[in-house]
Amino acid sequence: MKISELRQDIFRPLCLPDPDRDIRGVYMGDLLSWVMGRAEEDNAWITIMSNRNVIAVASLISVSCVILTEDVTLDADVLALAEQKEINIFTTALSSYDACIALYRMLNE
Amino acid sequence: MSEPLVFQFDVDGNDFTSAGRASVQVKKLLRELGLPADVIRRVSIAMYEGEINMVIHANGGVAEVRVDERDITIILTDRGPGIPDVNLAMQEGYSTATRSIQSLGFGAGMGLPNMKRYTDEMRIDTEVGVGTTITMVIHLPQPQ
Numbered sequence: 012m013k014i015s016e017l018r019q020d021i022f023r024p025l026c027l028p029d030p031d032r033d034i035r036g037v038y039m040g041d042l043l044s045w046v047m048g049r050a051e052e053d054n055a056w057i058t059i060m061s062n063r064n065v066i067a068v069a070s071l072i073s074v075s076c077v078i079l080t081e082d083v084t085l086d087a088d089v090l091a092l093a094e095q096k097e098i099n100i101f102t103t104a105l106s107s108y109d110a111c112i113a114l115y116r117m118l119n120e
Numbered sequence: 009m010s011e012p013l014v015f016q017f018d019v020d021g022n023d024f025t026s027a028g029r030a031s032v033q034v035k036k037l038l039r040e041l042g043l044p045a046d047v048i049r050r051v052s053i054a055m056y057e058g059e060i061n062m063v064i065h066a067n068g069g070v071a072e073v074r075v076d077e078r079d080i081t082i083i084l085t086d087r088g089p090g091i092p093d094v095n096l097a098m099q100e101g102y103s104t105a106t107r108s109i110q111s112l113g114f115g116a117g118m119g120l121p122n123m124k125r126y127t128d129e130m131r132i133d134t135e136v137g138v139g140t141t142i143t144m145v146i147h148l149p150q151p152q
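Respectively, the protein sequence lines represent chains F and G. When we follow my numbering, the leftmost residue of the first sequence carries the number 12, and every step to the right adds one. When we follow my numbering, the leftmost residue of the second sequence carries the number 9, and every step to the right adds one.
Following this line, the structure appears as structure tokens:
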């Protein structure tokens with residue numbers, strides 16, 4: 012499934028510099044080293060963390076997007092960094108758990 | 009490539025928000041060298057973990073990356089407090105990071121284990137009160 016095919020009424024894009032990326036699997040986690048150790052390339056990464064290090068980690072492990080849950084957003088400078096590093100970022104009102112379920116449904120439709 | 013390529017980076021110990029600068033640069037350099045994506049990913053993750061450790065624990069240091077035909081070698085050197093018990097530090101989940109560091113998403117006790125996981129060889133030389141040098145080697149796939 013392509014990033015651009017996500018339902019944007021549920022996952023609202025904050026920046027989409029690379030919309031043709033595929034989502035292959037999902038990883039949820041807030042501890043960055045844990046995510047670096049376990050998440051796989053092209054996963055959608057679900058987290059509530061929103062500092063600059065999230066962008067660095069997303070770039071290093073090549074996830075296809077970061078989905079911020081519970082209506083978390085990014086500060087302007089972090090958003091600018093995400094654009095620069097070409098990291099797709101979404102936000103959603105859903106909890107991380109509910110975001111996983113919603114993604115599961117979209118991925119398996 | 010007969011002479012190894014050597015890249016050096018200063019890791020700023022005071023700047024938590026820019027930690028990862030060296031690893032991102034290395035990632036870019038390795039891409040330009042045309043190395044396999046999997047190798048680049050492992051090198052940059054291992055180096056990022058090391059960089060973060062130097063910022064959290066050692067007030068920065070120096071990162072050196074050497075590339076030759078066979079291997080990529082990452083050497084991280086700091087003059088931090090040293091690691092009193094390396095076996096303990098290598099255990100997944102063990103961390104001495106403060107709560108404020110943890111609130112940034114670090115301090116999961118996965119840094120050193122990840123560095124080991126993503127590299128083919130890792131060696132820790134450390135002395136309490138003097139500093140730590142970590143050497144990591146990732147083998148490059150050889151033509152058959």
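For glycine and all other residues, C-beta sits at the position ideal for the given N, C-alpha and C.
- Task: Please look up how many angstroms separate the CB atoms of residue 48 (chain F) and residue 67 (chain G), rounded, as I've assumed it's under 8 Å.
- Result: Along the first sequence, read from residue 1 onward, the residue named residue 48 (chain F) stands at position 37. Along the second sequence, read from residue 1 onward, the residue named residue 67 (chain G) stands at position 59. About 25 Å separates the two Cβ atoms, so there is no contact after all.
- Item | Short Cβ contact (9 Å threshold) for residue 84 (chain G) with residue 25 (chain G) | The count along the second sequence starts at 1 and reaches residue 84 (chain G) at position 76. The count along the second sequence starts at 1 and reaches residue 25 (chain G) at position 17. Contact: no.
- Query: Of all the beta strand (DSSP E) runs that stay within the bounds of the segment 64 to 136 of chain G, which reach a length of 3 or more residues?
  - Reply: 68 to 75, 79 to 86 and 129 to 135
- Task: Output yes if chain G places a C-beta closer than 9 Å to the C-beta of residue 56 (chain F); else output no.
- Result: Here residue 56 (chain F) is taken as the residue at index 45 of the first sequence, counted from 1. Not an interface residue.
- Query: Going straight from the alpha carbon of residue 88 (chain G) to that of residue 69 (chain G), what length do you get?
  - Reply: As a working mapping, residue 88 (chain G) is identified with position 80 in the second sequence. As a working mapping, residue 69 (chain G) is identified with position 61 in the second sequence. Cα-Cα distance, rounded: 8 Å.
- Establish whether the CB of residue 49 (chain G) and some CB of chain F are separated by less than 9 Å. Indexing the second sequence from 1 puts residue 49 (chain G) at position 41. Chain F contact via Cβ: present.
- Boundaries (first-last residue) of the alpha helix (DSSP H) holding residue 39 (chain G): For the purposes of this step, residue 39 (chain G) is identified with residue 31 of the second sequence, where counting begins at 1. Residues 29 to 40.
- From which residue to which residue does the beta strand (DSSP E) around residue 37 (chain F) run? As a position in the first sequence, residue 37 (chain F) is number 26, starting the count at 1. 37 to 39 is the extent of the beta strand (DSSP E) around residue 37 (chain F).
- For residue 20 (chain G), which option in G:81, G:61, G:149 and G:49 has the closest C-alpha, if you only look at C-alpha atoms? As a working mapping, residue 20 (chain G) is identified with position 12 in the second sequence. Answer by Cα proximity: G:61.
- Could you pull out every residue in the same chain whose Cβ sits closer than 6 Å to the Cβ of residue 73 (chain F), ignoring the five residues on either side in sequence? Indexing the first sequence from 1 puts residue 73 (chain F) at position 62. Cβ within range, chain order: 52.
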